[in-house]
Amino acid sequence: MQTYYALIGEKKYAKAWALWGDGGKASGMTVEQFAASFDKYSQYYGNVGAPGEMEGAAGSSYVEVPAIAFGRLKTGEPFNLKGVITLKRVNDVPGSTAEQRKWHIATSGLKPVQP
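For what it's worth, UniProt numbering labels the leading residue of the sequence shown as 1, then goes sequentially.
Set out below in C-alpha cells:
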C-alpha cells in the first residue's frame with residue numbers, strides 16, 4: 001500500500017492502477033479513468049495501519065488494511081479520506097499464476113472525513 005500511495009503522489013497512475021486486481025480492472029475504471037480521478041488533487045499522500053487477520057475463501061486470501069489519504073485539492077482546500085483497503089491474493093493452487101499469487105487491491109472503502 002505504501003507503494004500505491006507513493007505512485008499516486010508521483011502521478012504514476014498507470015503503475016498504481018496496475019496494483020489493483022485483475023490487471024487494474026478491479027478498480028472499476030480504465031487506466032485513463034483512474035488517472036482522471038486524481039485530476040482534482042494537487043498533493044496526495046497516504047498512510048496505512050497494521051493489517052488485520054488474514055482470511056481465506058474459495059482459494060484466495062484476503063486482508064483488510066486501515067488507510068488514510070490526505071493532501072490538497074487544486075483549489076487549495078485540504079482533503080482527508082479514511083477507511084479500509086481490502087487486499088487479495090490467490091493461494092498457491094494448481095493453475096494459479098505468479099501474478100495471481102501477489103497481493104492486489106480488491107476494494108477501497110476510503111470515505112471523506114472532516115480534517
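For every residue, glycine included, the Cβ atom is placed at its ideal position computed from N, Cα and C.
As the structure is a computational prediction, the values presented were derived from the model and not from experiment.
Between residue i and residue j, is the Cβ-Cβ spacing less than 8 angstroms?
| i | j | result |
| --- | --- | --- |
| valine 63 | proline 51 | yes |
| arginine 89 | serine 60 | yes |
| isoleucine 105 | leucine 7 | no |
| tyrosine 44 | alanine 69 | yes |
| serine 96 | arginine 72 | no |
| lysine 82 | lysine 111 | yes |
| isoleucine 85 | valine 65 | yes |
| alanine 67 | methionine 1 | yes |
Measuring only the C-alpha atoms, how far is residue i from residue j?
| i | j | result |
| --- | --- | --- |
| asparagine 47 | tyrosine 5 | 8 angstroms |
| aspartate 22 | threonine 107 | 12 angstroms |
| alanine 57 | alanine 36 | 33 angstroms |
| glutamate 53 | glutamine 33 | 32 angstroms |
| serine 27 | glycine 76 | 27 angstroms |
| lysine 25 | leucine 87 | 14 angstroms |
In three-state terms, what does DSSP make of residue i?
| i | result |
| --- | --- |
| leucine 95 | What sits at residue 95 in the sequence shown is glycine, not leucine. Three-state result, glycine 95: coil. |
| glutamine 43 | strand |
| threonine 30 | coil |
| threonine 107 | strand |
| leucine 87 | strand |
Using beta carbons (cut-off 8 angstroms, strictly below), is residue i in contact with chain D?
| i | result |
| --- | --- |
| valine 63 | Looking at the structure shown, chain D is missing, and only one protein chain is on hand. |
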